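Asks: My questions will all concern the structure given below.
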Amino acid sequence: MSGHARLEEILVSRQVILVTGKGGVGKSVVTAALALRARTLGLKPLVFECDAPARLSLLPKGRPASDVVEEVAPGILGINQKSDDAIRDYAAASLPSRAVADLLFENRIARLFLKASPSVTEMALVGRIAILAEKHGADGPILVDLHATGHAISLLRAPGGIMKVLRTGVLYERAKRIEELLQDPVRTAFITVALPEELPVTELLELHEKLEELKAPQGPVILNGIFKDPAPGIADDVIAHLSKGPLAAKNAAKDLAGLRAWANRSAREEERLRAKLGASKTKPPIVGVPFLFEDGKNAELVERIAGVLGERGGAS
Ligand SMILES: Nc1ncnc2c1ncn2[C@@H]1O[C@H](COP(=O)(O)OP(=O)(O)OP(=O)(O)O)[C@@H](O)[C@H]1O
Ligand SMILES: [Mg+2]
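Residue numbers (my numbering): 36 to 351.
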C-alpha cells in the first residue's frame with residue numbers, strides 16, 4: 036500500500052493519531068493538514084494540543100483552540116488542553132470526590148508534588164485523550180500535536196510506570212486500559228515527522244526504534260520540506276563558469292550553488308531515511324511533502340500540505 040493510501044486508511048479508521056518528531060520539523064502544520072484531510076474524507080476530527088503557546092490558527096477560517104473542546108474551524112474541533120486541568124481530573128478519578136480533588140489541587144505543595152511525581156502529567160494527558168477518544172472517536176480521529184520527540188516516549192511509558200507502582204485498584208485499571216489503547220493498532224497510530232536534514236533524520240530513526248520497542252502502532256513517516264534542485268538543467272560547470280563572470284552572474288551562480296547544495300542534502304537524507312526504514316522491522320512507508328514557499332501565511336501552507344497528503348499515487 037502506498038504511503039498516501041495508508042495515511043488515508045489511518046485517518047478514516049483510527050480513534051487516536053499522535054503526531055510526533057523533533058522540534059520545529061512541522062508537527063503542528065502536519066497535524067492541521069491531517070485535520071483538513073480528515074474533514075475532506077467526511078469526518079469531524081479533533082485537534083488536541085497541550086499547553087500550546089497562543090498563536091494564530093493554522094487552519095483556514097480557523098480560530099485558536101481554548102481549554103474546552105469546541106469547533107475551531109468549519110467541521111473541525113479543537114482543544115488546547117492545559118496539563119493542570121488534566122492533572123486535576125486525573126486526581127479526581129482516584130479520590131472520593133471532585134471536591135476533595137479540587138481542595139487538594141488548591142494546595143500549592145500538593146499540586147507541586149502531583150506534578151513532580153513520575154508519569155502523573157503524562158498519564159493525565161493520555162487519560163484525557165482516552166476519554167475524548169471514547170466521546171468523539173466515532174466522528175473522526177483525535178489528532179494529537181505532541182511536543183518534541185521525548186514526549187511520545189514518555190506518554191507511552193507512563194501507563195506502565197503507574198502500573199508498576201500501583202499493582203491494583205482504579206488507577207491501575209485505568210492505566211492498563213490506556214496502555215492497551217496506545218498499543219492497539221486498530222484504534223491508534225503514531226505518525227512521525229522529519230525534515231530531510233541530518234539531525235532530524237537521525238532523531239526520527241532513533242524514535243522509530245523506540246516506538247517499535249514500545250509496541251507503538253506506527254503510521255507513515257512524513258518527510259516534510261523536501262527540496263528539489265530548482266534548475267536541474269544547469270550543469271555544475273556552467274555554474275562554475277558563471278561564478279567567474281560579472282557581479283550579477285556571480286551572485287546568481289552563488290545562489291544557485293547554495294540551492295543545489297540544499298537539494299543535494301535533502302536527497303541524501305531522504306535516501307538515508309528510506310534505506311534505514313526499509314531495513315527496519317515495521318518498514319513504515321514515507322509520505323513526502325515538498326518545501327513550500329508561503330510567505331508566513333501558515334493557514335495557506337497547511338491547505339497546500341493537505342493537498343499534497345491527499346494526492347493519489349504521489350511519491351510514497
Ligand atoms: N513543507 C513546508 N514548507 C515550508 N515551510 C514549512 C513546511 N512545513 C513547516 N514549515 C514551516 O516550519 C515552521 C515550523 O513548523 P511547525 O510549527 O509546524 O513545527 P513544529 O514541529 O510543530 O514545531 P514545535 O516543535 O516548535 O512545535 C513553521 O514556520 C512552518 O511555517
Ligand atoms: Mg508545534
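The C-beta atom is built at its ideal place from N, Cα and C for all residues, glycine as well. Just so it is clear, the structure is predicted and the values come from calculations on it, not from any experiment.
With a threshold of 7 Å (Cβ to nearest heavy atom), would Lys-62 be considered close to ligand 2?
Replies: Checking every heavy atom of ligand 2 against the Cβ of Lys-62, one is found closer than 7 Å.
Asks: Tell me which residues share the same chain as Pro-99 and place their Cβ nearer than 6 Å to its Cβ, disregarding the 5 neighbours each side in the sequence.
Replies: Ser-92
Asks: Could you tell me whether any non-hydrogen atom of ligand 1 is closer than 7 Å to the CB of Gly-345?
Replies: no
Asks: Flag Trp-180 as yes when its Cβ comes closer than 7 Å to any non-hydrogen atom of ligand 2, and as no otherwise.
Replies: Here the sequence assigns Asp to residue 180, which means Trp is not the residue at that position. Yes; taking the cut-off as 7 Å, the Cβ of Asp-180 has a heavy atom of ligand 2 nearer than that.
Asks: Exposed or buried, what is Arg-49 when buried is set at 16 or more other beta-carbons lying within 10 Å of its beta-carbon?
Replies: Buried, since its Cβ has 16 or more Cβ neighbours within 10 Å.
Asks: If you measure from the CB of Ala-183, is any heavy atom of ligand 1 nearer than 7 Å?
Replies: yes
Asks: What do you reckon, are the CB atoms on Gly-38 and Val-322 nearer than 8 Å?
Replies: Their beta carbons are under 8 Å apart, which means Gly-38 touches Val-322 by this criterion.
Asks: Can you look up Gly-113 in the DSSP assignment and give me helix, strand or coil?
Replies: strand
Asks: Could you check which residue in Asp-180, Leu-160 and Pro-220 has the C-alpha nearest to that of Arg-192?
Replies: Nearest C-alpha to Arg-192: Leu-160.
Asks: Determine the DSSP secondary structure at Val-64, reduced to helix, strand or coil.
Replies: Reduced to three states, the DSSP call for Val-64 is helix.
Asks: Report buried or exposed for Gly-348, applying the criterion of at least 16 other Cβ atoms within 10 angstroms of its Cβ.
Replies: Residue placement at Gly-348 is poorly supported in this model, since its pLDDT is 48, which falls under 50; the coordinates still yield a value, given next. It is exposed - the Cβ of Gly-348 has fewer than 16 other Cβ atoms within 10 Å.
Asks: Cβ of Glu-329 versus every heavy atom of ligand 1: is any distance shorter than 7 Å?
Replies: yes
Asks: Which residue marks the beginning of the beta strand (DSSP E) containing Asp-180, and which one marks its end?
Replies: 177-180
Asks: If contact is defined by three or more beta carbon pairs under 8 Å, each pair taking one atom from either stretch, is the segment 56-68 in contact with the segment 176-193?
Replies: yes
Asks: Please indicate yes or no: does the CB of Ile-257 lie closer than 7 Å to some heavy atom of ligand 1?
Replies: no
Asks: Residues in the same chain with beta-carbon distance under 8 Å from Leu-308, minus the five sequence neighbours each way, listed in chain order, please.
Replies: Excluding positions up to five away in sequence, the list reads Ala-229, Pro-231, Val-236, Leu-239, Leu-240, Val-256, Leu-258 and Ile-321.
Asks: Distance check for His-243 and Ala-87, CA to CA, integer angstroms please.
Replies: Pairing Ala-87 with His-243, the inter-Cα distance amounts to about 24 Å.
Asks: Taking 8 Å as the threshold (C-beta atoms), are Pro-194 and Glu-208 in contact?
Replies: no
Asks: Asp-264: which of Leu-249, Leu-294 and Ala-270 sits nearest, CA to CA?
Replies: Leu-294
Asks: What does the Cβ neighbour count give for Asn-286, buried or exposed, with the cut at 16 atoms within 10 Å?
Replies: Burial state of Asn-286 is exposed, judged by a 10 Å Cβ sphere holding fewer than 16 other Cβ atoms.
Asks: Please report the distance separating the alpha-carbon of Val-47 from that of His-171.
Replies: 13 Å
Asks: On a Cα-Cα basis, can you pick out the residue from Val-135, Leu-277 and Ala-168 that is closest to Arg-212?
Replies: Ala-168
Asks: Say the cut is 7 Å; is the CB of Ile-340 nearer than that to a heavy atom of ligand 1?
Replies: yes
Asks: Is the beta carbon of Val-205 within less than 7 Å of some heavy atom of ligand 1?
Replies: The closest heavy atom of ligand 1 lies 7 Å or more from the beta carbon of Val-205.
Asks: Return the residue from the list Val-107, Asp-102, Ala-126 and Asp-124 that minimises the CA-CA distance to Asn-115.
Replies: Asp-102
Asks: Is any heavy atom of ligand 1 found at a distance shorter than 7 Å from the C-beta of Leu-336?
Replies: yes
Asks: Once you ignore the five residues that flank Lys-96 on each side, which residues in its own chain have a CB closer than 7 Å to its CB?
Replies: In its chain, beyond the 5 residues on either side, Ala-108 and Pro-109 have a beta carbon closer than 7 Å to the beta carbon of Lys-96.
Asks: Would Gly-162 be called buried (16 or more neighbouring beta carbons within 10 Å of its own) or exposed?
Replies: buried
Asks: Would you give the residue range spanned by the alpha helix (DSSP H) that Val-155 belongs to?
Replies: 155-171
Asks: Does any heavy atom of ligand 1 sit closer than 7 Å to the C-beta of Phe-83?
Replies: no
Asks: Pop quiz: Tyr-125 and Val-155 are said to be a contact at Cβ under 8 Å. What is the actual Cβ separation, rounded to whole angstroms?
Replies: 7 Å
Asks: Does the beta-carbon of Ala-28 have 16 or more other beta-carbons within 10 angstroms, so that it is buried, or is it exposed?
Replies: Only positions 36 to 351 of the chain appear in the structure, and residue 28 is not among them; the question remains open.
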